[in-house]
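Engineer:
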Amino acid sequence: SNNGDDQLLQGQAIFLLNVVAVIWGTQHSVVKMVVEDCDASAFSFARFALGAAIAAPFTPSIRPFLEQLTSEIESRRSDDGEIQREVISDDGERDNALAWKWGIEMGMWMFLGYAFQAIGLEYTTAQRSGFLLYLNVKFVPFFARILLGRKISIPTWASAFTALAGTALIAYDGTSTTFNVGDTWSIAAAMASAMFILRLEAATAAVKNSAALNSASLWTVTLAAFIWCIGDGIREQGDITTLTSTVDVLTTSVQSTIVKIQQTFSSHPVELIYLGGITTAVANYIQTKAQRGISAERASIIYALDPVYGAFFANVLLGEKLTEYGMVGAGLITIAAATNAFLDLGKNNEE
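Using the numbering used here, you'd call the opening residue of the sequence shown number 1407 and step up by one each time.
(1) Pairing CB atoms from the stretch 1595-1602 with CB atoms from the stretch 1543-1555, are three or more of them under 8 Å?
(2) Would you check if there are 3 or more beta carbon pairs closer than 8 Å linking the stretch 1700-1712 to the stretch 1459-1477?
(3) Measure the alpha-carbon distance for Gly1619 versus Leu1629 and round it to whole angstroms.
(4) Please report the distance separating the alpha-carbon of Thr1460 from that of Ala1687.
(5) Short of 6 Å in beta carbon distance, which residues of its chain neighbour Ala1720, apart from the five on each side in sequence? Order them along the chain.
(6) Any chance the stretch 1493-1512 sits against the stretch 1524-1531, with 3 or more Cβ pairs inside 8 Å?
(7) Does the stretch 1413-1425 come within contact of the stretch 1662-1680, defined as at least 3 CB pairs closer than 8 Å?
(8) In angstroms, rounded to a whole number, what distance separates the CA positions of Ser1481 and Leu1472?
(9) For my contact list, Tyr1709 and Ala1427 are in at a C-beta cut-off of 8 Å; report their separation, rounded to the angstrom.
(10) Determine the direct distance from the alpha carbon of Pro1470 to that of Ala1717, and round the result to whole angstroms.
(11) Taking 7 Å as the limit between beta carbons, can you name the residues of its chain near Leu1723, skipping five residues before and five after?
(12) Here's a check: name, in chain order, each residue in its chain whose Cβ is nearer than 6 Å to the Cβ of Thr1670, leaving out the five neighbours to either side.
(13) Using CA atoms only, rank isn't needed, just tell me which of Thr1590, Gly1572, Ala1622 is closest to Lys1507.
(14) Within the same chain, show all residues whose beta-carbon is closer than 6 Å to that of Leu1801, passing over the 5 residues directly before and after it, in chain order.
(15) I'd like the span of the alpha helix (DSSP H) that includes Glu1642, first residue to last.
(16) Does the separation of the CB atoms of Ala1609 and Phe1454 fall below 8 Å?
(17) Report the three-state DSSP secondary structure of Glu1677 (helix, strand or coil).
(18) Starting from the C-beta of Thr1568, find all residues in its chain whose C-beta is less than 7 Å away, skip the five residues before and the five after it, and write them out in chain order.
(19) Would you mind listing the alpha helix (DSSP H) stretches within the stretch 1695-1731 that are 4+ residues and don't spill past its ends, in chain order?
(20) Identify whether Leu1422 lies in helix, strand or coil by the three-state DSSP scheme.
(21) So, helix, strand or coil for Leu1415, using DSSP?
(22) What three-state label does DSSP hand Tyr1520 in the structure shown?
(23) Which stretch, first to last residue, makes up the alpha helix (DSSP H) that contains Gly1555?
(24) Only counting the same chain, and skipping five residues up and downstream in sequence, which positions put a Cβ closer than 6 Å to that of Ser1659?
(25) Closer than 6 Å by C-beta to Ala1571: which residues in its own chain qualify, once you throw out the five before and the five after it? Chain order, please.
(26) From Leu1423 to Ile1558, what distance separates their C-alpha atoms?
(27) Taking the Cβ atom as the reference point for each residue, do Gly1519 and Ala1595 lie within a distance shorter than 8 Å?
(28) What does the Cβ neighbour count give for Gly1555, buried or exposed, with the cut at 16 atoms within 10 Å?
(29) If distances are taken between C-alpha atoms only, which option among Ile1633, Thr1562, Phe1522 comes closest to Met1597?
(30) Quick one: measure Cβ to Cβ for Leu1541 and Asp1589, integer angstroms, because I've assumed they're closer than 8 Å.
(31) Among residues of its own chain, excluding the 5 on either side of Thr1441, which ones have a beta-carbon nearer than 7 Å to its beta-carbon?
(32) Helix, strand or coil for Thr1531, going by three-state DSSP, please let me know.
(33) Could you pull out every residue in the same chain whose Cβ sits closer than 7 Å to the Cβ of Ala1612, ignoring the five residues on either side in sequence?
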């Protein structure tokens, strides 16, 4: 587009999305290292605050969005029901308003996905979390069919179920199929991730500037993570009867949150820089830019390679090993992703 990003070729987009899958594959083990001895909410805030700070130069002005939102609220309150708001005539301001409109929604799905993942990793292994999280391969076409009424091609369904079968084999450790609370949180993260991928297709079509959309999303996640931190602090004080005033409770919660964030930074500075900079700011920007030319359903199959990469890094960094079942499952996921890439390239050649 003239005022936004240049459209990537189909092959370039597929390559970049695979790069994102590799980057994401590293994060499960690194997050596991951090949440082993740090608070999940404080870690999430520190991670996304760093990511948002890196993306800060690309932050769109929020004024057009707030003005439009205020006008819409006022129009609904008007007696005659007339729409009172002024139409934004400047293209740049319109783009900024759209970047925040979509950035807030994408940021909330992103926050839920990463927050649920961080909570889950407190109770389950990095390897299991990685594979369960990418059940979104199944959820994306399912949500697209149920919520959008979209017809999904048979090859896409076949790839999704192949990847699902591979995920199940890897999650099965050969001795027990019992799910713990961490596994449940990981599945919830998969559902949020699926909604993010699905809605990103519409967001990238509406917002011309990928960097602006990414930045608005990261600031939204940062704010949501901060609210989560404060909520955790208030919850922890539930049994303290001496704090009777709301102001005292909030003050103590903020102080507790600051201490936890400082502890997280001091304990894992390198991990936070990597997670905030590479797996958050950089990976999300690449995903936002590259997914423009690929449907959400097929993009999700590419992302299915994430748990394969995750299992490799979990083995290298944490000593977690795949069973024979897991190796077969990794092979099935690889086949599904490779088939998906072939379908995308073939479709592009036909067009």
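Each residue gets a CB set at the ideal place from its N, CA and C atoms; glycine is no exception.
Structural biologist: Reading from the atomic positions:
(1) By the Cβ criterion, the stretch 1595-1602 is in contact with the stretch 1543-1555, since at least three pairs of Cβ atoms, one from each stretch, lie closer than 8 Å.
(2) The stretch 1700-1712 is not in contact with the stretch 1459-1477.
(3) The question names Gly, but residue 1619 in the sequence shown is Leu. Leu1619 and Leu1629: Cα-Cα distance of roughly 16 Å.
(4) It is Ile, not Thr, that sits at residue 1460 in the sequence shown. Spanning the two alpha carbons is a distance of roughly 7 Å.
(5) The residues Ser1435, Ala1532, Gln1533, Glu1726, in chain order, have a CB closer than 6 Å to that of Ala1720 in the same chain once the five nearest residues on each side in sequence are set aside.
(6) The answer is no - the stretch 1524-1531 does not touch the stretch 1493-1512, with fewer than three Cβ pairs under 8 Å.
(7) No, the stretch 1413-1425 is not in contact with the stretch 1662-1680.
(8) Pairing Ser1481 with Leu1472, the inter-Cα distance amounts to about 14 Å.
(9) The C-beta separation of Tyr1709 from Ala1427 comes to about 5 Å, placing the pair in contact by the 8 Å criterion.
(10) Those two C-alpha atoms are separated by around 44 Å.
(11) Short of 7 Å from the beta carbon of Leu1723, and not among the five residues preceding or following it, lie these beta carbons of its own chain, in chain order: Ser1435.
(12) If the five residues before and after Thr1670 are omitted, its C-beta is found closer than 6 Å to the C-beta atoms of Cys1444, Ala1448, Phe1449, Ala1452, all from its own chain and listed in chain order.
(13) Checked all of Thr1590, Gly1572, Ala1622; the closest Cα to Lys1507 is Ala1622.
(14) With the chain covering 1407 to 1757 only, the question about residue 1801 has no answer from this structure.
(15) Bounds of the alpha helix (DSSP H) holding Glu1642 are 1616-1642.
(16) No. Outside cutoff.
(17) Per DSSP, reduced to three states, the secondary structure at Glu1677 is helical.
(18) A distance below 7 Å between beta-carbons, with the five flanking residues on each side excluded, links Thr1568 to the following residues of its chain, in chain order: Leu1738, Ile1741, Ala1742.
(19) Counting only runs of 4 or more, we get 1702-1709, 1712-1724.
(20) Helix at Leu1422.
(21) Leu1415: coil per DSSP, three-state reduction.
(22) It is helical.
(23) For Gly1555, no alpha helix (DSSP H) encloses it, and the DSSP letter there is neither H nor E.
(24) Cβ within range, chain order: Ile1636, Gly1639, Ile1640.
(25) Answer for Ala1571: Leu1738, listed in chain order.
(26) Per the coordinates, the alpha-carbon of Leu1423 lies some 21 Å from the alpha-carbon of Ile1558.
(27) Result yes, Cβ atoms of Gly1519 and Ala1595 sit closer than 8 Å.
(28) Counting Cβ neighbours within 10 Å, Gly1555 comes out exposed, since fewer than 16 surround it.
(29) Nearest C-alpha to Met1597: Phe1522.
(30) Actually they are not in contact, since the Cβ atoms of Leu1541 and Asp1589 sit about 11 Å apart, beyond 8 Å.
(31) Strictly speaking, residue 1441 in this sequence is Val, with Thr absent from that position. Contacts found: Phe1449, Ala1524, Leu1527, Glu1528.
(32) Annotated three-state conformation of Thr1531 is coil, per DSSP.
(33) These residues qualify, in order along the chain: Leu1504, Trp1508.
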